[in-house]
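K.L.:
All residue numbers for the sequence shown refer to our numbering, where the first residue is 2 and numbers rise by one.
First the structure, then my questions, so here it is.
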Amino acid sequence: MKETLLLIDGSSLAYRSFYAFSNRPLRNSKGMNTSAVYGFVKSLNMVVGEVNPDLIGIAFDLARPTFRHEIFREYKAKRKKMPDELSPQIPIIHDVVEAMGYRILEEEGLEADDIIYTLAEEGEKRGYSVIIFTFDKDLMQVVSENVRILNMRTKGVEWYDPDTVRGKYGVPPEKIPDLLALAGDVSDNIPGIPGVGIKTAAKLIKRYGSLLDMVEHPEIIKEENIRNYIMRSRELVLSSYSLVKLERQEIPFTLEDLRPTEPDKDRLIKIYRELEFFSLLREMGVGESVSVKSGEVRGDVLSVVISGGEKPVFVISDGEYTQVVFDKGEMIDRINKFREIITSDIKELAHAIGFYPENKIYDLGIMDYLIHPNQRGHSLDKLVQR
2 MKETLLLIDG SSLAYRSFYA FSNRPLRNSK GMNTSAVYGF VKSLNMVVGE VNPDLIGIAF
62 DLARPTFRHE IFREYKAKRK KMPDELSPQI PIIHDVVEAM GYRILEEEGL EADDIIYTLA
122 EEGEKRGYSV IIFTFDKDLM QVVSENVRIL NMRTKGVEWY DPDTVRGKYG VPPEKIPDLL
182 ALAGDVSDNI PGIPGVGIKT AAKLIKRYGS LLDMVEHPEI IKEENIRNYI MRSRELVLSS
242 YSLVKLERQE IPFTLEDLRP TEPDKDRLIK IYRELEFFSL LREMGVGESV SVKSGEVRGD
302 VLSVVISGGE KPVFVISDGE YTQVVFDKGE MIDRINKFRE IITSDIKELA HAIGFYPENK
362 IYDLGIMDYL IHPNQRGHSL DKLVQR
């Protein structure tokens, strides 16, 4: 049976995780934004659980120019700099990855895509089943019978093999560079051909074979505006192709470097405790003991006084089971699973949990006001007394 090589686009996953909580960022009690780390770890655990790899490498971009900037100075020039609340989380993500026993892959002058492409090709050549976890369409060009791409989205797991790539983009994996060079990419500032999008690019490739055929023989192109642009801007078109075409690179890693080592559980526990990822600690079998000295109901949030200060806990009930949740990230996950929420004061609940739920909401206080507008007070205490 083939061994499995899992390659992860760490930079892409970190950004995705950060922005997934942009409307309601996770913070620990010190006020630090922990969204990217939490989302990264949850996704990483899910992917590893799904794939069960024998080898694993997690590639990151370095915040420095690459060889692509030598090809096209304006490459990625329009990208915004990394958000201030994300940059401090990247070293923590690195710490977590290393503590898990996985290899971090970075190299001067290269992007994560280049490293992943090179290792994927080497893995396929040596008989591994290769799986790439990424949200970047550039890596679709490496897909083959033995190299697949995995996405995890809200609707579930998505797998890309050659047929799936062809179905989504209209061209086979090996033509993805032609497609992207023709259509361009605003996020990476790749020029492309004006007026040509993904669908038009796919039609052009089907009609004329490849971008290089079009550049070498522009007379075959029937579309006058495209023919004229290619003839006038030949070097720019070829530069676009060079920017998106992935090639094998010299890298200081071997496949054997990607065999996981024993996780450093003490280091992981320390990181998770500092970030207050109590649900992740429980997944590791580490409980948190608290000594409750007193309690007080504030709206729908029960605050308990414990050793070391006051700590909010969240009480969630579906009518049959009642759960006490210490971790805000877990609480958000659980709330989002309910279609309806019953609360005595939605404003106070939203303030306590840090976001306004999008579920269908029944606010008992508002309902009581509509029924008894002349009554004084519509809090939960008053409702119980009536």
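Positions of the beta carbon are idealized from the N, C-alpha and C atoms, including for glycine.
Just so you know, these numbers come straight off a predicted model, no measurement behind them.
For proline 253, count the other beta carbons within 10 Å of its own beta carbon; 16 or more makes it buried, fewer makes it exposed. Which is it?
P.N.:
With fewer than 16 Cβ atoms within 10 Å of its Cβ, proline 253 is classed as exposed.
K.L.:
Got a sec, what are the start and stop residues for the beta strand (DSSP E) arginine 149 sits in?
P.N.:
Residues 148-154.
K.L.:
Which of the three DSSP states, helix, strand or coil, is assigned to valine 245?
P.N.:
Of the three classes helix, strand and coil, the one that applies to valine 245 here is helix, per DSSP.
K.L.:
Would you decide whether leucine 8 is buried or exposed? Buried here means 16 or more other CB atoms lie within 10 Å of its CB.
P.N.:
buried
K.L.:
Kindly indicate which three-state DSSP category asparagine 190 falls into: helix, strand or coil?
P.N.:
For asparagine 190, the secondary structure class from DSSP, reduced to helix, strand or coil, is coil.
K.L.:
Comparing C-alpha positions only, which one of Pro358, Val97, Asp62, Gly366 sits nearest to glutamate 1?
P.N.:
No answer is possible for residue 1: the residues shown for the chain start at 2 and end at 387.
K.L.:
DSSP state of alanine 60, grouped into three classes?
P.N.:
strand
K.L.:
Would a C-beta distance cut-off of 8 Å place valine 172 and alanine 184 closer than the cut-off?
P.N.:
no
K.L.:
From which residue to which residue does the beta strand (DSSP E) around leucine 7 run?
P.N.:
5-10
K.L.:
Cα separation between isoleucine 343 and leucine 365?
P.N.:
7 Å
K.L.:
When you compare only the Cα positions, how much space is there between valine 38 and valine 216?
P.N.:
45 Å
K.L.:
Using DSSP with H/G/I as helix, E/B as strand and the rest coil, what is arginine 104?
P.N.:
strand
K.L.:
I need the straight-line Cα distance from glycine 1 to glutamate 107, nearest angstrom please.
P.N.:
The structure shown does not extend to residue 1, since the chain is modelled only from 2 through 387, so no value can be given for it.
K.L.:
By alpha-carbon positions, which one of His379, Ile336, Asn360, Asp334 ends up nearest to serine 345?
P.N.:
His379
K.L.:
Kindly indicate the opening and closing residues of the beta strand (DSSP E) around serine 130.
P.N.:
130-134
K.L.:
What number of angstroms, rounded off, separates the C-alpha of leucine 180 from the C-alpha of leucine 45?
P.N.:
C-alpha separation (whole angstroms): 30 Å.
K.L.:
Helix, strand or coil for isoleucine 222, going by three-state DSSP, please let me know.
P.N.:
Here isoleucine 222 sits in coil by DSSP.
K.L.:
Could you pull the start and end residues of the beta strand (DSSP E) that threonine 344 belongs to?
P.N.:
Element bounds for threonine 344: 341-344.
K.L.:
Would you mind reading off the limits of the beta strand (DSSP E) that contains isoleucine 367?
P.N.:
Here isoleucine 367 belongs to no beta strand (DSSP E); instead the alpha helix (DSSP H) covers 365-372.
K.L.:
Determine, using beta carbons only, whether phenylalanine 19 and leucine 87 come nearer to each other than 8 Å.
P.N.:
yes
K.L.:
Please name the residue in Ser234, Glu263, Lys31 whose C-alpha comes closest to that of arginine 104.
P.N.:
Glu263
K.L.:
Considering only the beta carbon of each residue, do valine 144 and tyrosine 129 sit closer than 8 Å?
P.N.:
No.
K.L.:
Taking just the CA atoms, how far does valine 98 sit from alanine 15?
P.N.:
Cα atoms of alanine 15 and valine 98: separation of roughly 12 Å, rounded to the nearest angstrom.
K.L.:
Under 8 Å between the Cβ atoms of isoleucine 194 and isoleucine 221?
P.N.:
no
K.L.:
Helix, strand or coil: which one does DSSP assign to valine 216?
P.N.:
helix
K.L.:
If the criterion is Cβ atoms closer than 8 Å, does the pair methionine 285 and lysine 271 meet it?
P.N.:
no
K.L.:
Determine the extent of the alpha helix (DSSP H) in which glycine 50 is found, giving its start and end residues.
P.N.:
36-52
K.L.:
Taking the alpha carbon of glutamate 159 as the point to measure from, which residue in Asp85, Glu51, Glu112, Lys246 has its own alpha carbon closest?
P.N.:
Glu51
K.L.:
What does the Cβ neighbour count give for phenylalanine 22, buried or exposed, with the cut at 16 atoms within 10 Å?
P.N.:
buried
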